[in-house]
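Engineer: The following block contains the structure, expressed as C-alpha cells.
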Amino acid sequence: MNIVAITIAVVIVIVGVVSSNLKQKEQTQGIRETQEVTQEDDQETSSSGITPSPIPSPTPKPPTPTPTIPSPSGQNQPSGELRYPNAKYIRSEGSVEVYESQDDPDAITQWYKDQIQSMGMGTKSFITTKTNDNVLNKLVGADGSREVRIEITHNSGSSTTEIKVSISSSN
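In the UniProt record's numbering, the protein residues as written are 1 to 171.
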C-alpha cells in the first residue's frame with residue numbers, strides 16, 4: 001500500500017515538473033516572437049523612410065487677467081497701480097486713494113501682500129486685526145525708493161470693504 005502511494009506521488013511530481021517546463025518554453029517563444037515582430041516593424045519603418053514623430057503636448061494658456069471694474073463716470077480716477085481687481089474707485093484723500101470692494105477682506109489682504117512682495121518690496125509690517133467680524137488690516141512695504149501703505153477696513157454687517165492705498169517716495 002505504501003509503495004502504491006509513493007508511486008502515485010512521484011508520478012504527480014513528474015507531471016507537474018514537465019507541465020511547468022512546457023509553460024516556460026511557451027512563454028519564452030512568445031517573447032521571442034514579439035521581439036522578432038518588433039524588429040520587423042522597425043526595419044519596415046526605417047526602409048520606408050517613415051520616421052516616428054513625437055506627439056506634441058498641449059501648450060498651456062497664459063493666465064487670464066482679472067478685469068477691473070471701471071469707476072463711475074465723471075470721477076477722476078488715479079492710475080491705480082495697486083488697485084485691487086474687483087475694487088471700485090471712490091475718492092482721493094490727498095495722496096491716499098480710496099476704493100471699495102464686496103470681496104472677502106482676507107482675499108483682498110492676501111492679494112495686496114502678494115502685490116507688495118511681487119514689487120520686490122521688503123515687508124515692513126503686515127498687521128491683521130479681526131474682532132467681532134470687524135476687520136482692520138494694515139500692510140506696509142518699502143524698497144528703498146518707495147513706500148506702500150495699505151489699510152483694509154470691513155465693518156460687521158457691511159457688505160463692502162474699504163481699501164486705502166498710499167504710495168510715497170521714501171527718502
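We put the CB at the ideal spot given by N, CA and C, even for glycine. As the structure is a computational prediction, the values presented were derived from the model and not from experiment.
1) Measuring only the C-alpha atoms, how far is Thr129 from Arg146?
2) Which residue from Ser158, Glu26, Ala87 and Gly157 puts its Cα closest to that of Lys164?
3) For the beta strand (DSSP E) holding Thr161, just list the boundary residues, first then last.
4) How about the segment 117 to 125 and the segment 96 to 107: do they share at least three Cβ pairs that are nearer than 8 Å?
5) Check Asn134 in the structure and name its three-state DSSP category.
6) I'd like the list of long-range same chain contacts for Lys25, defined as Cβ closer than 7 Å, with 5 residues on each side in sequence excluded.
7) Restricting to Cα atoms, I'd like to know which of Ala107, Asp106, Ser156 and Glu81 is closest to Val148.
8) From the beta carbon of Gln102, is the nearest beta carbon of chain D less than 7 Å away?
9) Where do the N-terminal and C-terminal ends of the alpha helix (DSSP H) with Tyr112 fall, by residue?
10) Return yes when the Cβ of Ile150 is within less than 7 Å of the Cβ of Tyr112, no when it is not.
11) What's the gap between the Cα of Ala5 and the Cα of Val17?
Structural biologist: Judging by the given coordinates:
1) 25 Å
2) Ala87
3) Thr161 to Ser169
4) no
5) strand
6) none
7) Glu81
8) Here there is only one protein chain, and chain D is not present.
9) Pro105 to Ser118
10) yes
11) 19 Å
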